[in-house]
Amino acid sequence: MIMRLKAFWRIHMPCNLNFNECRLGPNYPTPIYTCREQLLRLLDTSSNTVINPIVLATWSFLNFTPTQVIPSGGNVGLTLASSIGTDITLGVGDTIILKSGTYRINYASNGIIPSNGALSLAVYQNGVLLADSIATVNGSVGSNVNIAGDSVITVPTQGVMLTIRNNNSVSETINSGNVFITRIN
């Protein structure tokens, strides 16, 4: 009986063409059969072959221009530090150009609390505020503070232009910072 179950299992399990050697057992809720000696037979007889997609890494790491005073609604100055892929590029006027896809945007900065007691940055997509990207830190005027924000966006086929902006009603001094953008789909 056990031999029949093993034979049935091997014939009816989808095949993983990446050969990552997942093993059958209680720790794998959805195991994928990977024995190489039966690969061709499975491909010829199975209509449920699983091929894991090849996902090319695409990311960019950008630095904030050191010690900059940003007017209310102004863009944070950026320089490209490192990147992989061509889906994320630095455009004119401190803009970030994204091709279609889904991206995660993380930014972190160090700045000085301005006269209204709050330091605030946000990501704008084609000039429109991404509400979930707003980061605000309250504190004593003149205090040096860290601030960080995070957002996930889906970009339509024509692509978009992103900016990191001063989301405050007064000018802000940013000492340093960075943006890390990763394509996740």
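Going by my numbering, the first residue of the sequence shown is number -16, and it counts up by one from there.
Note that beta-carbon positions come from the ideal geometry of N, C-alpha and C, so glycine has one too.
Here the structure is a predicted model, which means the values were calculated and not measured.
Quick one: Cα of N148 to Cα of G160, how far? Residue 148 is actually Arg in this sequence, not Asn. Cα to Cα, the separation comes out at about 13 Å.
How long is the line joining the alpha carbons of F163 and T156, rounded to whole angstroms? 21 Å
Tell me the DSSP bridge mates of I198? Because residue 198 is not part of the residues shown, which for the chain are -16 to 168, the question remains open.
Keeping to the same chain, check which residues put their C-beta closer than 8 Å to that of S83; ignore five residues upstream and five downstream. V138, P139, T140, Q141, G142
Spatial distance of I80 from S65 (CA atoms): 15 Å
Return the residue from the list G56, G110, L102, G60 that minimises the CA-CA distance to N127. L102
Just reading off the beta strand (DSSP E) that V153 is part of, what are its end residues? Here V153 belongs to no beta strand (DSSP E), and DSSP marks it neither H nor E.
How many angstroms separate the CA atom of G94 from the CA atom of A131? 11 Å
Counting only the same chain and skipping the five closest in sequence on each side, list residues whose C-beta sits under 7 Å from that of V72. The residue you asked about is not Val; residue 72 is Thr in the sequence shown. Closer than 7 Å at Cβ, skipping near neighbours: I80.
Comparing C-alpha positions only, which one of Q51, F44, G68, W42 sits nearest to N158? Q51
Can you name, in chain order, every residue of its own chain whose Cβ lies under 6 Å from the Cβ of D133, other than the five neighbours on each side? N89
P9 (DSSP reduced to helix, strand or coil): Legend: pLDDT at P9 = 49, less than 50; position of this residue unreliable, value from coordinates given subsequently. It is coil, neither helix nor strand.
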